[in-house]
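Colleague: If you're matching positions, the sequence shown starts at 106 in this note's numbering and goes up one per residue. Each residue gets a CB set at the ideal place from its N, CA and C atoms; glycine is no exception. Quick caveat, the model's predicted, so the values are computed rather than measured. Here it is: the structure, laid out below.
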Amino acid sequence: MQFPLKLKVKPNSKRTEILKEEGDEVVLAVKSPAENNKANIEILKFFAKEFKVKVKIIYGLKSGKKIIDKIE
Numbered sequence: 106m107q108f109p110l111k112l113k114v115k116p117n118s119k120r121t122e123i124l125k126e127e128g129d130e131v132v133l134a135v136k137s138p139a140e141n142n143k144a145n146i147e148i149l150k151f152f153a154k155e156f157k158v159k160v161k162i163i164y165g166l167k168s169g170k171k172i173i174d175k176i177e
């Protein structure tokens, strides 16, 4: 996975998982709703747990389309 990474986020899903790649975007399903920053927090935790990498959201805090990057 190459960073920075473009995400298309699908909140309120059955589970948190990467669904597919669409061009240069990764489609990510998250269980949490898109309210009170819950989905954003789940995205950060997902990448920390699954890929052992700390990331930050650099674009799209209030959008379904986001760009994340590694924290060095």
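Across the segment 137-153 and the segment 106-120, are there enough close Cβ pairs to call them in contact, namely three or more that are closer than 8 Å?
Modeller: In short, these stretches touch, since the Cβ pair count reaches three.
Colleague: Provide the residue(s) that pair with D174 in DSSP beta bridges, ordered along the chain.
Modeller: Your numbering for residue 174 matches position 69 in the sequence shown. Its beta-bridge partners are K161.
Colleague: Distance check for I162 and K113, CA to CA, integer angstroms please.
Modeller: Start at 1 with the first residue of the sequence shown, and residue 113 comes out as number 8. Start at 1 with the first residue of the sequence shown, and residue 162 comes out as number 57. Cα-Cα distance, rounded: 12 Å.
Colleague: Less than 7 Å between the C-beta atoms of G165 and K159, yes or no?
Modeller: Here the question's residue 165 lines up with position 60 in the sequence shown. Here the question's residue 159 lines up with position 54 in the sequence shown. No, they are not a contact pair.
Colleague: For L124, is the classification buried or exposed, using 16 other Cβ atoms within 10 angstroms of its Cβ as the cut-off for buried?
Modeller: Numbered from its first residue, the sequence shown carries residue 124 at position 19. Classification of L124: exposed, given that the 10 Å Cβ count is below 16.
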